[in-house]
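**Q** Let me begin by handing over the structure; questions about it come next.
Residue numbers (the working numbering), protein chains in the order written: chain A, 8 to 444; chain B, -6 to 497.
Right, dumping it as structure tokens:
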């Protein structure tokens, strides 16, 4: 009776229980592939060409315009979609797991086929690839900030549905303070920068309210978040209709200037897309990297994650659970508020009623798709930003698809991405659970 | 280090959990705190650890009064605690869990020094032969290893006093022996160990001093040489019979036939793997095993709460699989769930209503759409009397009853239908000795009435006391079905996955 722990090793291999085969993925991919083949592949008129423009006039190195024969490429791409669906079916039949590369390649091919179809035979317009990508980064910016806000809050166990309200409040505060500062200093650029500093304050205030009700009064965090969103809409609408309407000086169109980074901004395609942006976008790059390192490699991050996963365990080693949660919720609010500046001062626009248009909820989806990591949130937000940019591009090219359906594109992409790509994700275990001693 | 508790009193509302408790723990000794579930042992230790504030009394360390405001203070003072429910963050690695709260950092960016944490884990693990990999993720480790991580956590903070709260509740008999050996090593290294338990065997094995607590008060101290009967009567307050009276089983025909049953959970993990067995009328089949080896899933699959991916279960010739839960209950199954407060009762409902949860829509309790309160009340009075539920009124909410009385309500409801099969999961978990005796008697009576009975229990004592046959589960499989006179060591090895022939 000494060989106690060796015992398990001597037994025969364990019985295998097979999971039922899942056909969801191949069926979805196959159906979309077949429809694409008929609509975009066969639907592209023969003998036409689609022009892809890769360089902008300001680029040092000019890449020639690509005149692609539309139909052969569209057919080839859609056939490849069907082939990928077949591969996915084979994998399901054999219970193999395919990597995340399959949906990514599939998506790229699908977009490629649609662009071929949309641009075929149009001599007056061309597909602006660089413009498409610039749009993706720009439109992703508020989503990245919103998703990072969600990551910071939820990793500590507080659900932040109020991102939408925080974005809106940030947009409002940036416009208000920025415009006042612009009038005072006489410089709209200086005003814009001051507005950028004011935006996080508004978001942090909403974060503070969320923390108060969630941590101190144990109110359901989702309910509080929704109420705070409505509150933000109501307050900004009121001040927009009163203060801003009466003093147009307090709601000016002021904008952050683009700051091209020397050398890097002249790289073809990548330069204008990544390195010819305004301060808010550069802040976003830094924030993603810093938060990713801090969350997974620092003392602060370890403690935050412990609080979000198992608050009692954190408490028993002397970590102040509720203090951590309050701080993170306020920090998250500030990050979302900063992102709100995108809508006004970073876009050169005046404040308008409910101008965030549900981006806060898409940011929440980006956070989930990104599996509660800053890096993942960035990737997911870029994906949604790309879908949005694609919609704009179609608007410019002009397609036979009604514009209302095109407007749905980013949201459809969100639903499919969250439902199909995410699969079974695991949020921080103590989310939405007040810590009571 | 000498730890002294003086006159500790802790009240929750009108309930006094600890009543002027005095306790002295010397370094290099093992002090056992013995008491039934709910006697106030854990509350006392949570006060000591700074998780609760005491209403009265003081804690002295080396004759110096302390003023802990939180667990951080207690730890800094050299007190470590291994909680009954482990305080480990499941997705973190061992090293991350051990460093949490007193992290070392390095470099200009002050990032975590994981290498130092790993080295620390390795050093302690090697010193006490724990065999713990610093990079293993907690949720992948067996509970025995998780417990050793908890001990490493305490030792890495230089704990001079180590509190172990019901440490063996989740361990196999062999793991228990290993833990007790570790406790002895720690004591010999000069640590003061406080062992909180209600298991007499462990107390006798390692304790140097024994303090017995009953209903929040110290009722006496005992020498480690005291007999089990003496300790038990001190703990319970009256003489207790340590055995269950039962006549040999007279098994009839096969009542329940389970064939090739498998369950896969939401995460795609197989919890039950092609399980087959029979239970005869008039016999008790006890399912033994360390918690989380598929027992819960087996019981719930038979009821139909969790979907099965393969196999069949047949009760008295009728197929159970595919039936709705209601049909299954009406075909003669009684089900006592393992978590009575969560799954067995509606805590905010009255006792009377809880007693008819399963029969609320049939005569005589209902007529058309209306409930029949008079009939329900009469029946409830009858059940409360029969099952000795200690309550002032049947209109009291189930949540206000003690654990033992709640369990009696569940049993009363489940046994009010004519039963062909009774499944009882952890039927006596957390109950006082008096209630345990009652529940055991009722279960045996059901067997003698000709029902097939399945008991799922993590307590080997209970399994050995009740079973006519014992099925041992490991990793979702039945590793063997053995007679009730099988010795503990063999059962322990089987609970760790060894097959019957290899274990015997």
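By construction, the Cβ of each residue, glycine as well, lies at the ideal position given by its N, Cα and C atoms.
Are the beta-carbon atoms belonging to residue 291 of chain B and residue 308 of chain B less than 8 angstroms from one another?
**A** No, the pair does not count as a contact, with Cβ atoms beyond the cut-off.
**Q** How would you label residue 328 of chain A, buried or exposed, when you count the other beta carbons within 10 angstroms and need 16 or more for buried?
**A** So residue 328 of chain A counts as buried.
**Q** Kindly indicate which three-state DSSP category residue 58 of chain B falls into: helix, strand or coil?
**A** Residue 58 of chain B falls in the strand class under three-state DSSP.
**Q** Using a Cβ-Cβ cutoff of less than 6 angstroms, which residues in the same chain neighbour residue 111 of chain B once the five nearest sequence positions on both sides are dropped?
**A** Excluding sequence neighbours, residue 111 of chain B sits near 88 and 127.
**Q** Under the rule that 16 or more other beta-carbon atoms within 10 Å means buried, what is residue 231 of chain B, buried or exposed?
**A** The residue in question, residue 231 of chain B, is exposed, as its Cβ has fewer than 16 Cβ neighbours within 10 Å.
**Q** Would residue 309 of chain A pass as an interface residue toward chain B - the criterion being a Cβ-Cβ separation below 8 angstroms?
**A** Chain B, which has a Cβ nearer than 8 angstroms to the Cβ of residue 309 of chain A, makes this yes.
**Q** How is residue 267 of chain A classed by DSSP in three states: helix, strand or coil?
**A** Note: residue 267 of chain A maps to strand in three-state DSSP.
**Q** Do you know offhand how far residue 17 of chain A's Cα is from residue 485 of chain B's?
**A** Bear in mind that the predicted position of residue 17 of chain A carries a pLDDT of just 41, short of 50, making it unreliable; the figure below should be weighed with that in mind. Distance between the alpha carbons of residue 17 of chain A and residue 485 of chain B is about 15 angstroms.
**Q** For the ligand GTP, any of its heavy atoms closer than 7 angstroms to the Cβ of residue 206 of chain B?
**A** For the structure depicted, the ligand GTP is absent and the ligand set is empty, with no information on it obtainable.
**Q** Tell me which residues of the region 320 to 338 of chain A have at least one Cβ-Cβ distance to chain B shorter than 9 angstroms, keeping chain order.
**A** Going along the region 320 to 338 of chain A in chain order, one finds 320, 321, 322, 323, 324, 325, 326 and 327 with a Cβ nearer than 9 angstroms to chain B.
**Q** List the residues of chain B that residue 136 of chain A touches, going by C-beta distances under 7 angstroms, in chain order.
**A** What residue 136 of chain A touches in chain B: nothing, since even the nearest Cβ is about 38 angstroms away.
**Q** With respect to the beta strand (DSSP E) encompassing residue 30 of chain A, which residues constitute its N-terminal and C-terminal limits?
**A** Per DSSP, residue 30 of chain A belongs to no beta strand (DSSP E) and is neither H nor E.
**Q** By alpha-carbon positions, which one of A:287, A:279 and A:275 ends up nearest to residue 199 of chain A?
**A** It is A:287 whose Cα lies nearest to the Cα of residue 199 of chain A.
**Q** Alpha carbon to alpha carbon, what distance is there between residue 408 of chain B and residue 442 of chain B?
**A** Taking the straight line joining both Cα atoms gives about 11 angstroms.
**Q** Check whether the Cβ atoms of residue 331 of chain B and residue 163 of chain B sit closer than 8 angstroms, and answer yes or no.
**A** No, these two residues do not count as a Cβ contact at 8 angstroms.
**Q** Along the chain, which unbroken stretches of the beta strand (DSSP E) at least 3 residues long are found entirely within the region 239 to 305 of chain B?
**A** Listed in chain order, the complete beta strand (DSSP E) runs (minimum 3 residues) inside the region 239 to 305 of chain B are 247 to 257, 263 to 273 and 277 to 281.
**Q** Output the boundary residues of the alpha helix (DSSP H) element that contains residue 401 of chain A.
**A** Here the alpha helix (DSSP H) through residue 401 of chain A covers 381 to 404.
**Q** Tell me the rounded alpha-carbon separation between residue 226 of chain A and residue 217 of chain B.
**A** Approximately 51 angstroms between the Cα atoms of the pair.
**Q** If the cut is a Cβ gap below 7 angstroms, which residues of chain A does residue 324 of chain B touch?
**A** Residues of chain A passing the Cβ test: none, with the nearest at roughly 27 angstroms.
**Q** From residue 451 of chain B to residue 30 of chain B, what distance separates their C-alpha atoms?
**A** C-alpha separation (whole angstroms): 16 angstroms.
**Q** Could you tell me the alpha carbon to alpha carbon distance between residue 8 of chain A and residue 75 of chain B, rounded to whole angstroms?
**A** In this predicted model, residue 8 of chain A has a pLDDT of only 38, less than 50, meaning its place in the structure is not dependable; the value taken from the coordinates is given anyway. Cα to Cα, the separation comes out at about 28 angstroms.
**Q** Run through the DSSP bridge pairs and tell me what residue 409 of chain B is partnered with.
**A** None, per the DSSP bridge assignment.
**Q** Just the Cα atoms here: how many angstroms apart are residue 312 of chain B and residue 440 of chain B?
**A** Near 22 angstroms, if we compare the C-alpha coordinates of residue 440 of chain B and residue 312 of chain B.
**Q** Please name the residue, chosen from A:352, A:217 and A:297, that lies closest to residue 195 of chain A on a Cα-to-Cα basis.
**A** Among A:352, A:217 and A:297, the Cα nearest to that of residue 195 of chain A is on A:352.
**Q** Is the number of C-beta pairs between the region 413 to 427 of chain B and the region 338 to 346 of chain B that are closer than 8 angstroms three or more?
**A** Flag = no, the region 413 to 427 of chain B and the region 338 to 346 of chain B do not touch.
**Q** Quick one: Cα of residue 405 of chain B to Cα of residue 377 of chain B, how far?
**A** Going from the Cα of residue 405 of chain B to the Cα of residue 377 of chain B covers about 8 angstroms.
**Q** Name the chain B residues that come within less than 8 angstroms of residue 273 of chain A, Cβ to Cβ?
**A** Those within 8 angstroms of residue 273 of chain A in chain B number zero; the least Cβ separation is about 32 angstroms.
**Q** Looking at residue 128 of chain A: is its Cβ nearer than 8 angstroms to the Cβ of residue 58 of chain A?
**A** Contact: no.
**Q** At 4 residues or longer, and completely inside the region 335 to 402 of chain B: list those alpha helix (DSSP H) runs for me, N to C.
**A** Complete alpha helix (DSSP H) runs here, min 4: 344 to 348 and 366 to 379.
**Q** Could you please give the first and the last residue of the uninterrupted alpha helix (DSSP H) stretch that includes residue 417 of chain A?
**A** First-last of the alpha helix (DSSP H) with residue 417 of chain A: 410 to 423.
**Q** For chain A, find out if any of its Cβ atoms is closer than 8 angstroms to the Cβ of residue 214 of chain B; answer yes or no.
**A** Judged by the 8 angstroms Cβ criterion, residue 214 of chain B is not in contact with chain A.
**Q** Can you give the beta carbon distance from residue 262 of chain A to residue 354 of chain A, rounded, assuming they're within the 8 angstroms contact cut?
**A** Contact holds; Cβ gap of about 7 angstroms.
**Q** So, at 8 angstroms on beta carbons, what are the nonlocal neighbours of residue 244 of chain A in its own chain, with the 5 sequence-adjacent residues on each side left out?
**A** Here the set comprises 360 and 361.
**Q** With a 10 Å radius around its C-beta and 16 neighbouring C-beta atoms as the bar for buried, classify residue 266 of chain A as buried or exposed.
**A** Result: exposed.
**Q** Listed in chain order, which residues of the region 148 to 171 of chain A have Cβ atoms closer than 9 angstroms to some Cβ of chain B?
**A** Of all residues in the region 148 to 171 of chain A, none has a Cβ within less than 9 angstroms of some Cβ in chain B.
**Q** Counting only beta-carbon atoms, is residue 304 of chain A nearer than 8 angstroms to chain B?
**A** Residue 304 of chain A counts as touching chain B.
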